[in-house]
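4 protein chains.
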Amino acid sequence: VAVKADVDAAALAANARRMLLEKTVGAIRDALREQCLACYQSCQRMALNHCLERGGRHVEPQHFRLMIDCAEICRTSAAFMLSGSPRHRLTCGVCAEVCRACADSCEQLGDMQDCVDACRACAQSCAEMAD
Amino acid sequence: VAVKADVDAAALAANARRMLLEKTVGAIRDALREQCLACYQSCQRMALNHCLERGGRHVEPQHFRLMIDCAEICRTSAAFMLSGSPRHRLTCGVCAEVCRACADSCEQLGDMQDCVDACRACAQSCAEMAD
Amino acid sequence: VAVKADVDAAALAANARRMLLEKTVGAIRDALREQCLACYQSCQRMALNHCLERGGRHVEPQHFRLMIDCAEICRTSAAFMLSGSPRHRLTCGVCAEVCRACADSCEQLGDMQDCVDACRACAQSCAEMAD
Amino acid sequence: VAVKADVDAAALAANARRMLLEKTVGAIRDALREQCLACYQSCQRMALNHCLERGGRHVEPQHFRLMIDCAEICRTSAAFMLSGSPRHRLTCGVCAEVCRACADSCEQLGDMQDCVDACRACAQSCAEMAD
Numbered sequence: 130v131a132v133k134a135d136v137d138a139a140a141l142a143a144n145a146r147r148m149l150l151e152k153t154v155g156a157i158r159d160a161l162r163e164q165c166l167a168c169y170q171s172c173q174r175m176a177l178n179h180c181l182e183r184g185g186r187h188v189e190p191q192h193f194r195l196m197i198d199c200a201e202i203c204r205t206s207a208a209f210m211l212s213g214s215p216r217h218r219l220t221c222g223v224c225a226e227v228c229r230a231c232a233d234s235c236e237q238l239g240d241m242q243d244c245v246d247a248c249r250a251c252a253q254s255c256a257e258m259a260d
Numbered sequence: 130v131a132v133k134a135d136v137d138a139a140a141l142a143a144n145a146r147r148m149l150l151e152k153t154v155g156a157i158r159d160a161l162r163e164q165c166l167a168c169y170q171s172c173q174r175m176a177l178n179h180c181l182e183r184g185g186r187h188v189e190p191q192h193f194r195l196m197i198d199c200a201e202i203c204r205t206s207a208a209f210m211l212s213g214s215p216r217h218r219l220t221c222g223v224c225a226e227v228c229r230a231c232a233d234s235c236e237q238l239g240d241m242q243d244c245v246d247a248c249r250a251c252a253q254s255c256a257e258m259a260d
Numbered sequence: 130v131a132v133k134a135d136v137d138a139a140a141l142a143a144n145a146r147r148m149l150l151e152k153t154v155g156a157i158r159d160a161l162r163e164q165c166l167a168c169y170q171s172c173q174r175m176a177l178n179h180c181l182e183r184g185g186r187h188v189e190p191q192h193f194r195l196m197i198d199c200a201e202i203c204r205t206s207a208a209f210m211l212s213g214s215p216r217h218r219l220t221c222g223v224c225a226e227v228c229r230a231c232a233d234s235c236e237q238l239g240d241m242q243d244c245v246d247a248c249r250a251c252a253q254s255c256a257e258m259a260d
Numbered sequence: 130v131a132v133k134a135d136v137d138a139a140a141l142a143a144n145a146r147r148m149l150l151e152k153t154v155g156a157i158r159d160a161l162r163e164q165c166l167a168c169y170q171s172c173q174r175m176a177l178n179h180c181l182e183r184g185g186r187h188v189e190p191q192h193f194r195l196m197i198d199c200a201e202i203c204r205t206s207a208a209f210m211l212s213g214s215p216r217h218r219l220t221c222g223v224c225a226e227v228c229r230a231c232a233d234s235c236e237q238l239g240d241m242q243d244c245v246d247a248c249r250a251c252a253q254s255c256a257e258m259a260d
């Protein structure tokens, strides 16, 4: 009887660990999805408002395309995280790279710190999640 | 001089009112965008996880298509609110109608209250914003 | 026997008419989806290439936002037509209105005739399909 | 004079080659974008019509999520090819991998040959374009 109780206790502990792990993984994925959507909103809003209103270097093709590409891949990465498949690791790799480039481009303009911060945060979290 | 001061005071008050109004309008639009994105996430996640895992009536074509349509129009309404144009009033009208239908469909299944709530909240706010 | 044959012939004819109607409706919807995707591609490509490279009036906020809004609603209208629901009639209404405004805006710039044509064609077909 | 004519001829030839190359690259990218949009439409339509109507293994979570993920990344890859940036090479890598998996999953169901073909064609072209 003592052996069986030990086995049961071990099984319960293993199950508890597994559930905790799943919960942690889910929480990390939820937090990352929030960062992707925050970065999508920052890029889309800043491009179509701040950048268009400032003009000049803010609508230089290379910078502006980067912001639109960044908004698009962030939105898609969030969609992959919602679908419950493990494939979000693939989109996260691309998202990290595009967000990093977008952060650099925004930084050079000097008046887009909110967007720089959103891109850097998203890039770092996505890089950790990527394959 | 007294007259000029009165005019200045009136101009300042008018300006303050205008700025307050703009700020209020912006805050309402931001709150609505959050509701649209919350509803998008709820529908997309529930359809591709809860509904697919339950099967049966949860993957009945009419219900499932409604959830996917609702996710799509909520995401697009949020995009219109980010672009800074007044055209989000158009997408909000469609969004309100689709969200209402989706809430009804989810309600009949009995175990999707979170999605019902997200759809109802989004539908009501969108209806107020729509033309 | 003669009566039964008449009834059968009438049923067959009714069925043939119904199938022909369904096929026609499907073909019209497919053609419209193609127009929406063509307009999406035209607006997205012209905005991020032609307009950004020209600068000046081509990146004036009202014009540029309109092109991005138009690309987004065209893409979403196409998505609704793919889902097999009758709700594409709702998005078609918005799509018609946004495409019409975008065609007008492109026309004033004088060097965007391809985009004008894509928007006008999509606007007209969407208007016919809309509720 | 003869030397200068030789130099001019060489410069003209180099320019002609460069223009031909740019035109070829553009044509390849346009063809790939068409394949991505064709695959998007095939997956989105088949998932929300054929699969939902058949039920059973067609709405098994792993298969259905794959189709929705595939539709999403194909649509996003097309968007990146429209933006005129070189970053479409990144999304093409993910697109190739997801399309390949989706083709395999559709093949096992036995009655989705159109979708298999669209996914295989898109996967192959995207793989060639990817970094």
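Chains as they are written, first to last, in the numbering used here: chain A, 130 to 260; chain H, 130 to 260; chain G, 130 to 260; chain U, 130 to 260.
Glycine included, C-beta positions come from ideal geometry on N, C-alpha and C.
N- and C-terminal bounds of the alpha helix (DSSP H) containing H187/U = Neither: H187/U is in no alpha helix (DSSP H) and is coded neither H nor E.
ask   = What residue from T153/G, H179/G, A138/G and M148/G has the CA that sits closest to D240/G's CA?
value = H179/G
request  = List the endpoints of the continuous alpha helix (DSSP H) containing N144/H.
outcome  = N144/H -> alpha helix (DSSP H) spans A131 to R174.
Beta-carbon separation (whole angstroms), I202/H vs C235/H, contact threshold 8 angstroms = Rounded, the Cβ-Cβ distance is 15 angstroms, inconsistent with contact.
query = Would you say G213/G reaches chain U, if we count a Cβ-Cβ gap shorter than 8 angstroms as a contact?
reply = So yes, G213/G belongs to the interface.
task = Output, in chain order, the set of chain G residues within a Cβ distance shorter than 7 angstroms of F193/A.
result = L181
query = Of all Cβ atoms in chain A, is any one closer than 8 angstroms to the Cβ of A131/H?
reply = no
CB contact check: I197/H to chain U, cutoff 8 angstroms = yes
task = Using a Cβ cut-off of 8 angstroms (strictly closer), state whether R216/H contacts chain G.
result = yes
message = So with CB distances below 7 angstroms, who are the chain G contacts of L177/A?
response = R194 and I197
request  = Can you say whether L181/A is buried or exposed, counting buried as having 16 or more other CB atoms within 10 angstroms of its CB?
outcome  = buried
request  = Evaluate the contact criterion for the segment 194-209 of chain U versus the segment 140-154 of chain U: three or more CB pairs, one atom per stretch, below 8 angstroms.
outcome  = Cβ pair count under 8 angstroms is below three, so no.
ask   = Hey, does E201/U have any beta-carbon neighbour from chain A nearer than 8 angstroms?
value = The beta carbon of E201/U falls within 8 angstroms of a beta carbon belonging to chain A, placing the residue at that interface.
task = Please state whether DSSP places S214/G in a helix, a strand or coil.
result = coil
key: Any chain G beta carbon closer than 8 angstroms to V188/A   = yes
Contact set for Y169/H: own chain, Cβ-Cβ below 6 angstroms, skip 5 residues either direction = A200, C203 and R204
request  = Inspect the CB distances between the segment 213-224 of chain A and the segment 245-257 of chain A and report whether three or more fall short of 8 angstroms.
outcome  = yes
key: Closer than 8 angstroms to chain G by CB, R229/U   = no
task = For the segment 181-198 of chain G and the segment 157-177 of chain H, state whether three or more C-beta atom pairs, one from each stretch, are separated by less than 8 angstroms.
result = The answer is no - the segment 157-177 of chain H does not touch the segment 181-198 of chain G, with fewer than three Cβ pairs under 8 angstroms.
ask   = Can you list the residues of chain U that T220/A reaches, using a CB-CB cut of under 8 angstroms?
value = One finds I202 and V223 in chain U with Cβ atoms closer than 8 angstroms to the Cβ of T220/A, taken in chain order.
task = Say whether the segment 211-220 of chain U touches the segment 184-194 of chain U, bearing in mind that this needs 3 or more beta-carbon pairs closer than 8 angstroms, one atom from each stretch.
result = The count of Cβ pairs closer than 8 angstroms, one atom from the segment 211-220 of chain U and one from the segment 184-194 of chain U, stays below three, leaving the stretches out of contact.
query = Roughly how many angstroms separate the alpha carbons of A138/G and T153/G, rounded to a whole number?
reply = 22 angstroms
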